[in-house]
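Engineer:
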Amino acid sequence: MLEATNLTVRFGEKIALDAVSLTVTDGEVLAVLGPSGSGKTTLLRVIAGLQAPGSGSLSWDGQPLDQVAAHERGFGLMFQDYALFPHRTVAGNVAFGLRMAGMAGDRIEERVAVVLDWVGLPGYQDRSVGNLSGGEQQRVALARALAPAPRMLMLDEPVGSLDRGMRERLVGELRQLFVEHGITTLYVTHDQEEAFGLADRIVIMKDGSVAQEGTPEQVWRQPVGEWVARFLGFDNIIDATITEGVAQTSFGRFGIAGPASGSHRLVIRPDGFTVAAGGTIQGTVVTRSFRGGHYQLAVEAGPGVLLEMEIDEHPVPAVGEVVTLSIDPEAVVVLD
Ligand code: ADP
Ligand code: MG
């Protein structure tokens, strides 16, 4: 288990990491999710031993790592610009760490074959990496990182340079690979869908600090504040006054779950709306787009109040139609 405690890094006046603590337990896939500049790469470099922290400490299974050199930490690394050796074969690239470790030739061949199988490139040993597609090169870089059987794999935006279709496929395959082989993984990304699709647990970073931590379900159900909610793509953030389970807003009243009372900011998740005759909210459909499986609607519920919602029941109201909506109390999150 990796344990990072109060890691702090300054570049001049700039605080890149501000007392960041986290753990990665054995076999867990942890995603570090945050916008560009939030300190993700710096965190990964500190854990890898490529950057000394100004303060804070690191340990593995209780043993301090702070004085352990990068190449002796036993971590595998994969970066976005996968930095393959362009003039070597696939096998030459994948075997790199094994040769450095002094492994015997026939065992290297065996291990290279195993990890190429894992990443879906069986038989690619003698191919030149220069002739591979971006997705294939990415898999070679992954195989290279996995070959020495690292006790933790760390990836920094590893699929960021691929097109959307390839990215989605690779993310699904990565999760399966990590779980199937019990690979302890720290996965850095700015893309929330990637983090949600991959991780057992997510750490959300903002300005060098941990803004929230939890399972994908926990984070999605209960973002801790407006910043996290917006970062996760929730746009319905509104002011309300709550009295005995009823939220009063500028555009109507609706029930909420939980004990909150008084003035609060609320998030209404987009899947929480139903077009229903008995609803308490009225509005006009402003945009409607088909998303495969559901429609995304924007409904103007009052001056300057635009509610974004996902509707999957039929008939789906048309643009310009006046609709009555009800809101699922469980889809309302009270922010502090
Ligand atoms: P992320 O990977 O989340 O995009 P980084 O860890 O790369 O974020 O950067 C965090 C902050 O630290 C940014 O403001 C960045 O400009 C700054 N930073 C990173 N590396 C250096 C460096 N070597 N020198 C100066 N500032 C840096
Ligand atoms: Mg980065």
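Residue numbers (the working numbering): 35 to 370.
Cβ coordinates follow ideal geometry from the N, Cα and C atoms, glycine included.
Note that the structure is a prediction, hence the values are computed from the model and not measured.
1. By how many angstroms is the C-alpha of T321 removed from the C-alpha of D269?
2. What residues in its chain sit with their C-beta under 8 Å from that of A263, if we drop five residues either side in the sequence?
3. Return the Cβ separation of G169 and M200 in integer angstroms, given the expectation that the two are a contact with Cβ distance under 8 Å.
4. Can you find the residues in the same chain that come closer than 8 Å, C-beta to C-beta, to A117, ignoring five residues on each side of it along the sequence?
5. Going by other Cβ atoms of all chains shown within 10 Å of its Cβ, with 16 needed for buried, is A233 buried or exposed?
6. Per the contact definition of three or more C-beta pairs closer than 8 Å, is the segment 89-98 in contact with the segment 127-138?
7. Please report the straight-line C-alpha distance between S360 and F288, rounded to a whole angstrom.
8. Within 8 Å: the Cβ of E228 and any heavy atom of the ligand MG?
9. Note down the Cα distance separating E191 from T223, rounded to an integer number of angstroms.
10. Strictly by DSSP, which residues pair up with S360?
11. As an exercise, report each continuous alpha helix (DSSP H) stretch of at least 4 residues that is fully enclosed by the segment 92-144, in chain order.
12. If contact is defined by three or more beta carbon pairs under 8 Å, each pair taking one atom from either stretch, is the segment 70-84 in contact with the segment 152-162?
13. Would you list, in sequence order, the uninterrupted beta strand (DSSP E) runs of no fewer than 3 residues that lie entirely inside the segment 202-286?
14. Using three-state DSSP, classify R79 as helix, strand or coil.
15. Verify the contact flag: P349, CB atom, against every heavy atom of the ligand ADP, threshold strictly below 8 Å.
16. Would you report the Cα separation of R203 and V63, rounded to the nearest angstrom?
17. If you compare alpha carbons, which of F324, H215, S162, S167 is closest to P184?
18. Between E191 and the ligand MG, is the CB less than 8 Å from at least one heavy atom?
Structural biologist: Result, derived from the coordinates:
1. 15 Å
2. P257, I271, V301, V367, L369
3. 5 Å
4. A175
5. buried
6. no
7. 8 Å
8. no
9. 5 Å
10. T308
11. 124-128, 130-134
12. no
13. 219-223, 235-240, 243-248, 271-277, 280-283
14. helix
15. no
16. 18 Å
17. H215
18. yes
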